[in-house]
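Colleague: Below is the structure I would like to discuss, written out as structure tokens.
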Amino acid sequence: GIGRPSTYATILDTIQQRGYAFKQRKELVPTFTAFAVTGLMEEHFHDLVDLGFTAEMEQELDDIADGKMNWLTYLTNFYLGEQGLENQVRTKEANIDPRIASGVELGKLGAEVRIGQFGPFIAKEEDGERITAGLPDNLPPADLTDEMIKELLANKADAPQSLGEDPATGLDIFLKSGPYGPYVQLGGDDSGSKKKPKRVSLLKGMEPADVDFALAVELLGLPRTLGDHPETGKVVKAGVGRFGPYVLYDGVYASIKDPDNVLTIELPRALELLAEKAAKKGGSKSVLKDLGDHPDGGTVQVLSGRYGPYVKYKRINATLPKDMEPADVTMEQALQWLAEKQEKKKSTRKKK
3 GIGRPSTYAT ILDTIQQRGY AFKQRKELVP TFTAFAVTGL MEEHFHDLVD
53 LGFTAEMEQE LDDIADGKMN WLTYLTNFYL GEQGLENQVR TKEANIDPRI
103 ASGVELGKLG AEVRIGQFGP FIAKEEDGER ITAGLPDNLP PADLTDEMIK
153 ELLANKADAP QSLGEDPATG LDIFLKSGPY GPYVQLGGDD SGSKKKPKRV
203 SLLKGMEPAD VDFALAVELL GLPRTLGDHP ETGKVVKAGV GRFGPYVLYD
253 GVYASIKDPD NVLTIELPRA LELLAEKAAK KGGSKSVLKD LGDHPDGGTV
303 QVLSGRYGPY VKYKRINATL PKDMEPADVT MEQALQWLAE KQEKKKSTRK
353 KK
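With the working numbering, letter number 4 in the sequence shown gets 6, and the count goes up by one each step, no holes.
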């Protein structure tokens, strides 16, 4: 069994969080890491994984529960005593060979199975060269065969060569081809992360032959931060999405089209594209001034309309006084006009 009924859930959760087991249907399957850790414990800390040790601990915990033993004294001896865990680790860690400890014994296979920084992998010497390939996270160790090892190593040998190492992350950059065309990728498919590696499609008109290391770094740097909007201080970015290159500001996207380029566009041009998008969206309306966020959330703007400039917040519109220039409008004035307009609407509804 696993501990006691009161500790089942905690133990099962812990061994999964630490990567010692994973769920497959209704079963818990041990991982390659579990085999390596078990081997390490049996070799260097055998008393801690001995059944007699756990049986004795069960009795001692019962004694603590019955008040026959002091819990603090027990824990102090367990961790800090002469034969305590701290002293055992200190005296034995120098004798642990990392290369041996990271190996996994799974019978006679055509390659080594090891645990690395990014998870389990296989390694084999071929023609004087050491070839490695990552193992899938959800592969039960019992299912690993020589045929699978050959396939994994063959796929790794046929994998695209790295364009270079990304200066920011230290990960290799690859140029690949997929169902939707060529793209650059940060890190390998077996880089150890459960997240998919970052991928950016080549821009329209780019050919794989045109992509060198410097261009790949630029593409992977998308989306780019172009700067802050001069009126609101909010960030303006440029990137590539499902529908092509774009600039983004406060949730509003504006397409980047030739001759503009997402890799070289600067803030002033991005602001022009955003203004054009706003004018097009509003028909005869265009944003004259962005005043910022309303205290209750949402943007307050000065717009030009068919009957002159006005301030807008959600569904409330308030016309500017005739002698007021749109550029001179402050947030305080706008809030006052909007409040007056809202109050006027309430009064009208009451009369009805």
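Where is the CB? At the ideal position from N, CA and C, for every residue including glycine.
In whole angstroms, what separates the C-alpha of T147 from that of D68?
Modeller: Working through the sequence shown from its first residue, we reach residue 147 at position 145. Working through the sequence shown from its first residue, we reach residue 68 at position 66. Whole-angstrom Cα-Cα distance: 52 angstroms.
Colleague: Considering L82, what are the terminal residues of the alpha helix (DSSP H) in which it resides?
Modeller: For the purposes of this step, residue 82 is identified with residue 80 of the sequence shown, where counting begins at 1. Unbroken alpha helix (DSSP H) run through L82: 73-82.
Colleague: Helix, strand or coil for D139? Go by DSSP, reduced to three states.
Modeller: Residue 139 sits at position 137 when you count from the first residue of the sequence shown. Of the three classes helix, strand and coil, the one that applies to D139 here is coil, per DSSP.
Colleague: Rounded to the nearest angstrom, how far is the Cβ of L221 from that of V202, given a contact under 8 angstroms?
Modeller: Residue mapping note: residue 221 aligns to position 219 of the sequence shown, counting from 1. Residue mapping note: residue 202 aligns to position 200 of the sequence shown, counting from 1. L221 to V202, Cβ: 5 angstroms. Contact.
Colleague: Output the distance between the C-alpha atoms of S193 and A280, rounded to the nearest integer angstrom.
Modeller: In the sequence shown, counting from the first residue as 1, residue 193 sits at position 191. In the sequence shown, counting from the first residue as 1, residue 280 sits at position 278. Residue placement at S193 is poorly supported in this model, since its pLDDT is 45, which falls under 50; the coordinates are not used for a value here.
Colleague: Which residue's Cα is closest to the Cα of Q119: R101, G109, E268?
Modeller: Here residue 119 refers to the residue found at position 117 of the sequence shown. Looking at the Cα atoms, R101 is the closest of the given residues.
Colleague: Over the uninterrupted alpha helix (DSSP H) stretch that includes K2, give me the two end residues.
Modeller: It is not possible to answer for residue 2, since the shown part of the chain is limited to 3 through 354.
Colleague: Going by DSSP, name the residue or residues bridged to T187.
Modeller: Residue mapping note: residue 187 aligns to position 185 of the sequence shown, counting from 1. The sequence given here has Gln at residue 187, not Thr. For Q187, which the question treats as bridged, DSSP gives the partners F176, R201.
Colleague: So if DSSP puts N319 in a beta bridge, which residue, or which two residues, is it bridged to?
Modeller: Taking the first residue of the sequence shown as 1, we reach residue 319 at position 317. Its beta-bridge partners are K314.
Colleague: I'd like to confirm the pairing. Which residues does DSSP put opposite Y248 in its beta bridges?
Modeller: Stepping through the sequence shown from its first residue, residue 248 is reached at position 246. According to DSSP, which records beta bridges pairwise, Y248 is partnered with G241, S257.
Colleague: Can you tell me the Cα-Cα spacing of S286 and S306, whole angstroms?
Modeller: Position 284 of the sequence shown, counted from the start, is the residue given in the question as residue 286. Position 304 of the sequence shown, counted from the start, is the residue given in the question as residue 306. Unreliable placement is indicated for S286, whose pLDDT of 48 sits below 50; the coordinate value is still reported in the next sentence. So the two alpha carbons sit approximately 8 angstroms from each other.
Colleague: Once DSSP output is grouped into helix, strand and coil, what is the label at P100?
Modeller: Position 98 of the sequence shown, counting from 1, holds the residue named residue 100. Three-state result, P100: helix.
Colleague: Which ranges would you report for the beta strand (DSSP E) in the stretch 26-71 if only whole runs of at least 3 residues count?
Modeller: Counting whole runs of 3 or more residues, the stretch 26-71 contains the beta strand (DSSP E) stretches 29-32.
Colleague: Tell me the rounded alpha-carbon separation between K28 and L14.
Modeller: The count along the sequence shown starts at 1 and reaches residue 28 at position 26. The count along the sequence shown starts at 1 and reaches residue 14 at position 12. Going from the Cα of K28 to the Cα of L14 covers about 13 angstroms.
Colleague: Could you spell out the range, first to last residue, of the alpha helix (DSSP H) harbouring L111?
Modeller: The count along the sequence shown starts at 1 and reaches residue 111 at position 109. Taken as a continuous stretch (DSSP letters only), L111 belongs to no alpha helix (DSSP H), as it is neither H nor E.
Colleague: For L340, which residues of its own chain have a beta-carbon under 8 angstroms away from its beta-carbon, when the five flanking residues on both sides are left out?
Modeller: The count along the sequence shown starts at 1 and reaches residue 340 at position 338. So the list reads V302, V313, Y315, I318, A320, once near-sequence residues are dropped.
Colleague: Nearest by alpha-carbon distance to L141: which of D262, K25, P7, I17 is it?
Modeller: Here residue 141 refers to the residue found at position 139 when the sequence shown is read from its first residue. That would be K25, whose Cα lies nearest to the Cα of L141.
Colleague: Please work out which residues of its chain come closer than 7 angstroms, Cβ to Cβ, to N89, disregarding the five sequence neighbours upstream and downstream, and give them in chain order.
Modeller: Numbered from its first residue, the sequence shown carries residue 89 at position 87. Here the set comprises nothing.
Colleague: Tell me the rounded alpha-carbon separation between R6 and E58.
Modeller: Within the sequence shown, residue 6 is the residue found at index 4, counting from 1. Within the sequence shown, residue 58 is the residue found at index 56, counting from 1. So the alpha carbons of these two residues sit roughly 14 angstroms apart.
Colleague: Give me whichever residues DSSP pairs with Q303 in a beta bridge.
Modeller: The residue you call residue 303 lines up with position 301 of the sequence shown. Per DSSP, D292, K314.
Colleague: Is L275 closer than 8 angstroms to A256 when the C-beta atoms are compared?
Modeller: In the sequence shown, the residue the question calls residue 256 occupies position 254. In the sequence shown, the residue the question calls residue 275 occupies position 273. Taking 8 angstroms as the Cβ cut-off, A256 and L275 qualify as a contacting pair.
Colleague: Does the distance from the CB of T12 to the CB of Y22 come in under 8 angstroms?
Modeller: Along the sequence shown, read from residue 1 onward, the residue named residue 12 stands at position 10. Along the sequence shown, read from residue 1 onward, the residue named residue 22 stands at position 20. Their beta carbons are not under 8 angstroms apart, which means T12 does not touch Y22 by this criterion.
Colleague: Alpha carbons only, please: which of L204, G41, V219 is nearest the one belonging to G243?
Modeller: Looking up residue 243 in the sequence shown gives position 241. Cα-wise, what sits closest to G243 is L204.
Colleague: Helix, strand or coil: how does DSSP classify G194 here?
Modeller: For the purposes of this step, residue 194 is taken as the residue at position 192 of the sequence shown. Unreliable placement is indicated for G194, whose pLDDT of 47 sits below 50; the coordinate value is still reported in the next sentence. Coil, per DSSP.
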